[in-house]
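Colleague: Below: one structure in structure tokens.
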Amino acid sequence: MDFNLTEDRQMLSDTVRRYLADQYDFETRNGVIETAPYHSPAKWAELSELGLIGAFVSEAQGGFGGAGFDITTVFEELGRGLCPEPMLAALMSVRAAADCGADALVEEAISGAKRLAMAVFEPDADSLSLIRTSADQSSGSWVLNGRKSVVYGLPDADGALVAARTNTGIGLFLVEAPETIDYAMINGGGAGELILDNSPGTCLRENADDIIEAALDAGRLALCAEAVGVMDVLVDMTVDYLKQRKQFGRPIASFQALQHRAVDMAIEIEQCRSITILAASKLGTDEAGKYIAMAKNLIGRTGAMISEESIQLHGGIGMTWEYPGSHFAKRLAMIDHQLGDRYAQLQRVMGA
Amino acid sequence: MDLSFTPEEEAFRAEVRAFLDENLPDELARKGRNTEGLTKEDMAGWHARLNARGWLAATWPTEHGGPGWGAVERHIFEEECARANAPRIVPFGLNMLGPVLIKFGTAEQKAEILPRILDGSDWWCQGYSEPGAGSDLASLKSRAVREGDEYVINGQKTWTTLGQHANRIFCLVRTSTEGKPQEGISFVLVDMDTPGVELRPIKLLDGGHEVNEVFFTDVRVPVSNLVGEENKGWTIAKYLLTHERTNIAGVGLSGKDLEKLKALSQQLVRGGRPLAQDPLFAAQMAEVEIDLEAMRVLNLRMLSAAKEGAAPGMQSSMLKIKGTVIRQRIQSLIKTALGASAAPFPARDLPENALSVPQEAAGAAAYYFNHRKLSIFGGSNEIQRNIIAKDLFGG
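Protein chains in written order, with this note's numbering: chain A, 2 to 353; chain B, 12 to 406.
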């Protein structure tokens, strides 16, 4: 048994942490999240250069990582740095492209030359089996019709990998320069609606169900790790605040009723960290879906608790835009809304 | 045991309902339903309509222009307003300062100020909390030093709700540093346009502007702006807080939000069926409904006791805790009900077809985050627990 990061991953972790701390501070972040494309293309390019996207794909597929722990290492740091860059979209799309054998596309994605989004869910379809977007072939080329909802990283993306029904199943298609309705998200970063109206697409794979599901699960694992990073910061901030804030002539940290609440937060984070490690260890195995669902359920539940408690224990200051903690709390609470919430994951666990 | 309202109370309810049917503008009801922010004109317009009916100052006796309602009438009125999505009364002049002046003010203060609250000439805001004095309000440091017929005020207030709309502010200031902290506090009225008063907005986590900081630099006000006796402001502050805590349970508001949640759960699809048919989610809705039903009756028990003359004690703290937690829980479920579509922000600036969720739910996440304030303001839920603990354990 060894719960330490390998030397390579420790280096990766340090690199991302240092970069975000030095180059992407809170003011920089809040400067980009309110105007399209709701992230920083310049920082995106630098993060690509650091090799983050390459870490999401195995060497055999053109990257230099690709294991569960590579993903969690990067995303935990992205969470700690509250990074609004569309890295979740990059992770899911580059893995799906790699599994489809689209080597050239993978290379462009890893280098940062092409930024991709992953468009699966629809207004009334929160699982792959329910999607209605169609792909039809006429005289050798594919056209897609339908609407994809809340596609992460869509604003200004070079292309979207779109899940669509074919005559034979669900395929994966590259749609370049797509028609979109873009918006900022309440927790930072951008997303959008993808409107497919006889839009031309390139077929990466006609039967891609398993590939898409695997990409989504990798995304869920990433979100769990990101949440753990966010939680670590929130608990540290809360403990610091309790120690520093004085009322009734003493630090409010001296009140046991408040100490115990911070303690409960600290306990629950360790549970979250543990189940995320378990889920990461299962990525790529037959059991991945079950354990990732477990992790995302626990993260969803605990994330809400830690988000709400961190605000409450800060009092009014935790409600302000100016205080970084409120943005961490928002990010944490919204992770449960991505790629299936705690109830959706609970269904999967119950059925597994 | 009889849980029903009297025939007179039911008749009053029908009267309120008829008034709201006739007088509440559709636009205001729509904004209420969609949890959109209100402009000052929205609020002032609604106040004017209520004032014309004599129902604006719900807590005032008739001699000062109030309706002379008791706790039960006020409860019914609030409940019907919530049901109709009517705006809430802006409380600072009407439900906070008004009762204070009626109890502690001079004849001149009452004659000058109360009518201006009723007709909307004055908008008041509250200068209580300071950066270093929140839960421990008595440690406040803003100083008022007497010079002849004036006080000279220096200091800072914060969390001043809707201060941007106000032309006057009532403040707790320190007039003495002798004795216990509570013994040197005075209650003073200040015009916001007095030289040296500066208001700065605080942006909240939902991006909205509803609270402010207010800075006082050598602000001179006449001593006639003192309410009650010098150094006796703490008694007034406590009296005001009991008024701040009326309708603290927000039963009507939670009821309205629960109805909205249920309606949404029929409209929104999850896993290929209406969310309401998802047993995991439906169980959460049912549990919060159970909590709300219990609290509704708890609230009625307290109202009934108040009607019989009982002084509100730790019960209002219980209602504050339960009421805010239930409201927050319902808003959390509304946010959850939207799934991935809770993320867009700020949702209302989008073209109409941008979202796949009903428009009235589009701001759910922002509303949820904004309403984390409920368990923080008006005496945090931790402070309410301290009050209850004192009652349970003595001391």
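Here a beta-carbon is modelled for each residue, glycine too, at the ideal position from N, C-alpha and C.
Assuming V355/A is part of the beta strand (DSSP E), what are its boundary residues?
Modeller: Chain A is shown only over 2 to 353; residue 355/A falls outside these bounds and no answer can be derived.
Colleague: Count the other CB atoms within 10 Å of the CB of V308/B; is the residue buried (16 or more) or exposed (fewer)?
Modeller: The residue is exposed, with fewer than 16 neighbouring Cβ atoms inside 10 Å.
Colleague: Output, in sequence order along the chain, the residues in the segment 113-145 of chain A whose CB is closer than 9 Å to any CB in chain B.
Modeller: Residues passing the 9 Å Cβ filter: F122, E123, P124, D125, A126, D127, S128, S130 and L131.
Colleague: How should R64/B be labelled, buried or exposed, when 16 other C-beta atoms within 10 angstroms of its C-beta is the threshold for buried?
Modeller: Looking at its Cβ environment, which holds fewer than 16 other Cβ atoms inside 10 Å, R64/B is exposed.
Colleague: How do the segment 166-180 of chain B and the segment 260-271 of chain B stand: do at least 3 beta-carbon pairs fall below 8 Å, yes or no?
Modeller: no
Colleague: Return the bridge partner residues of F226/B from the DSSP annotation.
Modeller: Beta-bridge pairing links F226/B to Q167/B and E209/B.
Colleague: Need the endpoints of the alpha helix (DSSP H) that W57/B sits in, please.
Modeller: Where W57/B is concerned, the enclosing alpha helix (DSSP H) stretches over K51 to R64.
Colleague: Are there any heavy atoms of the ligand GDP lying less than 7 Å away from the beta-carbon of S14/A, as far as the coordinates show?
Modeller: Among the components modelled here there is no ligand, and therefore nothing to report on the ligand GDP.
Colleague: Return no unless some Cβ of chain A is closer than 8 Å to the Cβ of V299/B.
Modeller: no
Colleague: What residue range does the alpha helix (DSSP H) around Y20/A cover?
Modeller: It spans E8 to Q24 - the alpha helix (DSSP H) in which Y20/A sits, taken as one unbroken run.
Colleague: Does the beta-carbon distance from A365/B to H338/A come in below 8 Å?
Modeller: no
Colleague: If you compare alpha carbons, which of L311/B, I345/B, F404/B and D402/B is closest to D13/B?
Modeller: Nearest C-alpha to D13/B among L311/B, I345/B, F404/B and D402/B: L311/B.
Colleague: Looking only at DSSP bridge pairs, what is N146/A linked to?
Modeller: S135/A and D198/A
Colleague: Quick check: E77/A and V229/A, are their CB atoms within less than 8 Å of each other?
Modeller: It is a contact, given that the beta carbons lie within the stated cut-off.
Colleague: On the criterion of 16 or more Cβ atoms from any shown chain inside 10 Å, does R179/B qualify as buried, or is it exposed?
Modeller: buried
Colleague: Is there a Cβ from chain B that is less than 8 Å from the Cβ of R344/A?
Modeller: The displayed chain sequence assigns Tyr, not Arg, to residue 344/A. Chain B has a Cβ within less than 8 Å of the Cβ of Y344/A.
Colleague: Using a C-beta to C-beta distance shorter than 8 Å, which residues of chain A count as neighbours of P355/B?
Modeller: In chain order: V151, Y184, A185, M186, I187 and A192.
Colleague: Beta-carbon within less than 6 Å of L251/B's beta-carbon, same chain only, minus the 5 sequence neighbours each way: which residues are those?
Modeller: The beta carbon of L251/B is closer than 6 Å to those of M107 and V111 in its chain, skipping five residues each way along the sequence.
Colleague: Going by DSSP, what residues sit across from W135/B in a beta bridge?
Modeller: Answer is R179/B, bridged to W135/B.
Colleague: Taking the DSSP output, what are the residues bridged to M203/B?
Modeller: BP columns for M203/B are empty, so no partner.
Colleague: Is the segment 194-204 of chain A touching the segment 138-157 of chain A in the sense that three or more CB pairs, one from each, lie closer than 8 Å?
Modeller: When C-beta atoms of the segment 138-157 of chain A are compared with those of the segment 194-204 of chain A, three or more pairs fall below 8 Å, so the two segments count as touching.
Colleague: Determine whether the beta carbon atoms of D218/A and G290/A lie at a separation below 8 Å.
Modeller: yes
Colleague: Less than 8 Å between the CB atoms is what I'm expecting for L330/B and M313/B, so what's the real figure, rounded?
Modeller: 7 Å
Colleague: Where does Q339/A sit, in a helix, a strand or coil, going by DSSP?
Modeller: Of the three classes helix, strand and coil, the one that applies to Q339/A here is coil, per DSSP.
Colleague: Excluding sequence positions up to five away, which residues of its chain have a Cβ less than 6 Å from the Cβ of R231/B?
Modeller: E161 and V163
Colleague: Within this structure, are the beta carbons of S391/B and S146/B separated by less than 8 Å?
Modeller: yes
Colleague: Per DSSP, M93/A is paired with what?
Modeller: Partner(s): none; M93/A has no beta bridge.
Colleague: Classify P206/B as buried or exposed, calling it buried when 16 or more other Cβ atoms lie within 10 Å of its own Cβ.
Modeller: Around the beta carbon of P206/B, fewer than 16 other beta carbons sit within 10 angstroms, so the residue counts as exposed.
Colleague: To which residues of the same chain is L235/A closer than 7 Å at the C-beta, ignoring the five residues directly before and after it?
Modeller: I307, S311, G326, F329, A330 and L333
Colleague: List the residues of chain B whose Cβ lies closer than 9 Å to the Cβ of H338/A, in chain order.
Modeller: K346, T347, L349, G350, A351, S352, A353, A354 and A376
Colleague: Let's test the definition: count the other Cβ atoms within 10 Å of the Cβ of A29/B and tell me whether it reaches 16, buried, or not, exposed.
Modeller: exposed
Colleague: In angstroms, rounded to a whole number, what distance separates the CA positions of L243/A and L148/B?
Modeller: 17 Å
Colleague: Beta carbons nearer than 9 Å to chain A: which residues of the segment 380-396 of chain B have them?
Modeller: From the segment 380-396 of chain B, only F380, N381, R383, K384, S386, I387, F388, S391, N392, E393 and R396 have a Cβ closer than 9 Å to chain A.
Colleague: Quick one: list the residues of chain B neighbouring E269/A, beta-carbon separation under 8 Å, in chain order.
Modeller: Those do not exist, as E269/A stays about 17 Å from chain B at its closest Cβ, beyond 8 Å.
Colleague: Could you check whether A177/B and C136/B sit closer than 8 Å to each other, using their CB atoms as the reference points?
Modeller: yes
Colleague: Per DSSP, which residues does T321/A bridge with? Please list them.
Modeller: Note: T321/A is bridge-paired with L215/B in the DSSP secondary-structure output.
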